[in-house]
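Engineer: At position 134 of the sequence shown (counting the first as 1) the number is 134 in this note's numbering, and the numbers step up by one without a gap.
Provided herewith is a single structure, encoded as structure tokens, for subsequent inquiry.
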Amino acid sequence: MLTLSAALLVLVLAVLAYLVVISPMDGSAQTVATSGLASWNPHVACSADSVAVQDVLGPGYPSQDLSGSRYQKNSTDGGVPSKRALSPPCSITNSAGQSVSTFVQIDGVYLSTYTFDSHDCSTQFKRVNGGGPYPNNETFCENVGNILQVGTTSGQIHIEFDQDWLAADYCGSDVPSCDNVTIAQQQSNGDISLDVQGFVYWDGDHWELHPFTAWKPSGSPPPPPPPNAPPTVDFTWTPASGDNTTVFSFTATASDDHDLSSAIQVRWDWQGDGVWDTQWSTTKTASHQYHSAGNKTVIIEAMDSGGLASTQSHVVRVSTPSPPPPSDAPPTVDFASTPNSGNTSTIFSFNATAADDHDSPTSIQVRWDWTGDGTWDTAWSPTKTASQSYSSAGNKTVVVQAMDSGGLTSTRSHVVRVTASPPPPPPPNAPPSVDFTWTPTSGDTTTVFTFTAQASDDHDQASAIQVRWDWNGDGTWDTTWSTTKTATHTFSSAGSYTVVVQAADSGGLAAIQSHEVSVTIPPPPPPPPPGDFSIGASPTSLTILCGSSGSSTITLTSLNGLSGSASLSPSISSSGLVLIWPTGSVSPGTVTLAADGTATSTLTISTSLLTTPGTYTVTVTATIGSVTHSVSLTVVVKLL
């Protein structure tokens, strides 16, 4: 409860806050605000300058112009540095070197337009606000509008309820001073007067109040701040349980209706004894080690910026530490050799394996005695591999000794059999031998000759010997070295060619062989086939009732370019006794066949009621010059 003197002081300050000079609307020079006003939004700590729309737009009023505005910082920038910031700076230094409040209050304006901008949405806090997802992974979109001074129709300032301010609950339907929902009811053509607060920002080509922080109907008191609720808090810890040698890590999670999680302070009571063991801190992680076993009640308390607090507790189980490990035992060790036996030129590889009840295998050290004479031939080393060769034959007792970190040791031995040196190397290398065959044995300039080389060597397998070819014996190798023994070649002109093959073994020794290949001129091409034609009928069989007729299409097809006039004639035969024959005709009787083309004529078989029923063979013969071909059809004549 305020005392009377305190209340009077508040009243005086409120009256003084409104004693400002308002810019005139007649286009005269812009005025400068002379006093600060309290913020209506509890999340804004700045004091507001009382200004008019014209003061923001500057000498270019009612146009949008950066130049000359008191909020201009340079040729491209004005107002707060970031329109997204949750805590913009309260003032800036303008281009004239003056300190100007960025947080303003404009009285007597009206909201000419207002809309929900579904194209400007986000799910993440901006980097200027620390980044990270919005609470509950929600999506927030901006609400935007334009304000003008009451009594004017031009000279507007754009306003925006920012995404991050809505996500942080700095504005929204539950923040009376910055309600982005009910303000929609205040949209008018100038008959509803509002007072607004916000931060001035130049957005490339126009002035904004962004972030827009508060509004109220003109003449009404500022809306009260929303009631504060205590924060919620909980915590997890790792490991879930341990002993009095364990360092437990605790991680708190806290949220609040007014404050960001990062601004909430916490403190810890490790024993649940009512004594706080840590100071207030915004750091949400802590660690603790218990010196006795038991179930420990851990309490966390969280406090928001309004001083409201809440607690949460969990039981952490702390046991006595595990008993000490048993007394140390010597390590175990063994080894294998590769190869198991060899001669005096062999390098033997030894690989030891060791295990211990306290130490890891990699930390156990070993040393070697190559001849079992009691003298260690290597120093202690954690490396378990070694190599050794012997200068004399015999059975060699190899001993390995392993030692753990406690100094306990154990040994293991095996016998390696070493024989005398190997026999002398083989005799010196001799060049390979090589020859080749080819198919066909002769040909012309169109022939693809296949050459097959045969090579052998006293050291190398035939498949390992490389060969190359010189197709005309001019001393220039026409192919590269290859282990492939076959090759093909075509000679472009007739003549006798000296084909040379060279073979080389792995020692670089080489040998050559050559043969003469005879190449002739290719024979002339065969004459083209004589002109011809084919003849066909469709259909190739007919069934005709006495007194009716039937037809078939005769088709001539040019072969090998034959062309000319073709004469066609039908003939009818039968193996049975025929009293009255059917008749046949072709129309046209003469057709012209074009080269590589076709020509058609129609065969018609006619009968009378007296025609002898039976099966007939009808043959159509076509003649072009000296070329004649025929096609036969089967015709069955039936009674009605």
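The beta-carbon is built from N, C-alpha and C at its ideal position, and this holds for glycine as well.
Quick one: give me the first and last residue of the beta strand (DSSP E) that Q365 is part of.
Structural biologist: Looking at the DSSP string, the run of the beta strand (DSSP E) that includes Q365 is Q365 to D369.
Engineer: Once you ignore the five residues that flank S585 on each side, which residues in its own chain have a CB closer than 8 Å to its CB?
Structural biologist: Contacts found: P570, L603, T604 and S606.
Engineer: Taking just the CA atoms, how far does G406 sit from V398?
Structural biologist: Taking the straight line from one Cα to the other gives about 25 Å.
Engineer: Determine, using beta-carbon pairs with one atom in the stretch 261-268 and one in the stretch 165-175, whether at least three such pairs fall under 8 Å.
Structural biologist: The stretch 261-268, when compared against the stretch 165-175, does not touch it at the 8 Å Cβ threshold.
Engineer: Is T634 near S548, with beta carbons less than 8 Å apart?
Structural biologist: The answer is no: Cβ separation not under 8 Å.
Engineer: Select from T278, V315 and M303 the residue whose C-alpha is nearest the C-alpha of A240.
Structural biologist: Taking only the C-alpha atoms, the option nearest A240 is V315.
Engineer: Look at the alpha carbon of K485 and the alpha carbon of I521, and state the distance between them as a whole number of angstroms.
Structural biologist: Each residue's Cα considered, the two are about 28 Å apart.
Engineer: How long is the line joining the alpha carbons of P221 and W40, rounded to whole angstroms?
Structural biologist: Their backbone Cα atoms lie some 10 Å apart in a straight line.
Engineer: Go ahead and label S69 buried or exposed: buried means 16 or more other beta carbons lie within 10 angstroms of its beta carbon, across all protein chains shown.
Structural biologist: Flag for S69 reads buried.
Engineer: Give the DSSP-derived three-state secondary structure of N137 in the structure shown.
Structural biologist: Note: N137 maps to helix in three-state DSSP.
Engineer: Roughly how many angstroms separate the alpha carbons of D458 and L509, rounded to a whole number?
Structural biologist: Cα-Cα distance, rounded: 11 Å.
Engineer: Less than 7 Å between the CB of D328 and some heavy atom of the ligand PLP, yes or no?
Structural biologist: With respect to the ligand PLP, the structure shown offers nothing to examine, as it has no ligands at all.
Engineer: Just mark N560 as buried or exposed, buried being the case when its beta carbon has 16 or more other beta carbons within 10 Å.
Structural biologist: With fewer than 16 other Cβ atoms within 10 Å, it is exposed.
Engineer: Let's test the definition: count the other Cβ atoms within 10 Å of the Cβ of S389 and tell me whether it reaches 16, buried, or not, exposed.
Structural biologist: Exposed, by the Cβ-count rule.
Engineer: Nearest-angstrom Cα distance between T437 and P422?
Structural biologist: When rounded, the distance between both Cα atoms is 42 Å.
Engineer: Can you tell me whether A85 is helix, strand or coil according to DSSP?
Structural biologist: Here A85 sits in coil by DSSP.
Engineer: My guess is that S567 and T623 are in contact by the Cβ rule of under 8 Å, so how many angstroms apart are they, rounded?
Structural biologist: Correct: roughly 5 Å between the Cβ atoms.
Engineer: So for D205, helix, strand or coil by DSSP?
Structural biologist: Correct three-state label for D205: coil.
Engineer: When you compare the CB positions of A453 and W481, do they come within less than 8 Å of one another, or not?
Structural biologist: Taking 8 Å as the Cβ cut-off, A453 and W481 do not qualify as a contacting pair.
Engineer: Could you give the DSSP three-state label for S177: helix, strand or coil?
Structural biologist: In the structure shown, S177 sits in a helix (DSSP, three-state: H, G or I).
Engineer: Going by DSSP in three states, Q54 sits in which element: helix, strand or coil?
Structural biologist: Note: Q54 maps to helix in three-state DSSP.
Engineer: If I'm right that G443 touches V519 with Cβ under 8 Å, what's the distance once you round it to whole angstroms?
Structural biologist: Confirmed, Cβ separation roughly 6 Å.
Engineer: Output needed for S456: all residues of its chain with C-beta closer than 7 Å, excluding positions within five of it in sequence on either side, in chain order.
Structural biologist: Closer than 7 Å at Cβ, skipping near neighbours: P432, S433 and A462.
Engineer: Have a look at the DSSP bridge pairing and note the partners of V637.
Structural biologist: In the DSSP output, where bridge partners are listed per residue, V637 has I544 and G614.
Engineer: Whose C-beta lies closer than 6 Å to the C-beta of L562 among residues of the same chain, with five residues either side of it excluded?
Structural biologist: Taken in chain order, the residues that qualify are G531, D532 and F533.
Engineer: Any idea if N137 is buried or exposed, counting beta-carbon neighbours within 10 angstroms, 16 or more meaning buried?
Structural biologist: N137 is exposed by the Cβ-count criterion.
Engineer: Hey, D234 and Q163: beta-carbon distance below 8 Å or not?
Structural biologist: It is not a contact, given that the beta carbons lie outside the stated cut-off.
Engineer: DSSP on A29, reduced to helix/strand/coil?
Structural biologist: A caution first: A29 carries a pLDDT of 32, below 50, which makes its placement in the model unreliable, though a value can still be read off. Coil at A29, not helix or strand.
Engineer: Would you give the residue range spanned by the beta strand (DSSP E) that D460 belongs to?
Structural biologist: Segment: none, D460 is in no beta strand (DSSP E) and carries neither H nor E.
Engineer: Hey, D435 and Q502: beta-carbon distance below 8 Å or not?
Structural biologist: Their beta carbons are not under 8 Å apart, which means D435 does not touch Q502 by this criterion.
Engineer: Quick one, which of R84, D65 and H291 has its alpha-carbon nearest T76's?
Structural biologist: Measuring from the Cα of T76, the nearest candidate turns out to be D65.
Engineer: Quick one, are the C-beta atoms of F116 and C141 less than 8 Å apart?
Structural biologist: Yes. Within cutoff.
Engineer: Assign K638 to buried or exposed, taking buried as 16 or more other Cβ atoms, counted over all protein chains shown, within 10 Å of its Cβ.
Structural biologist: With fewer than 16 other Cβ atoms within 10 Å, it is exposed.
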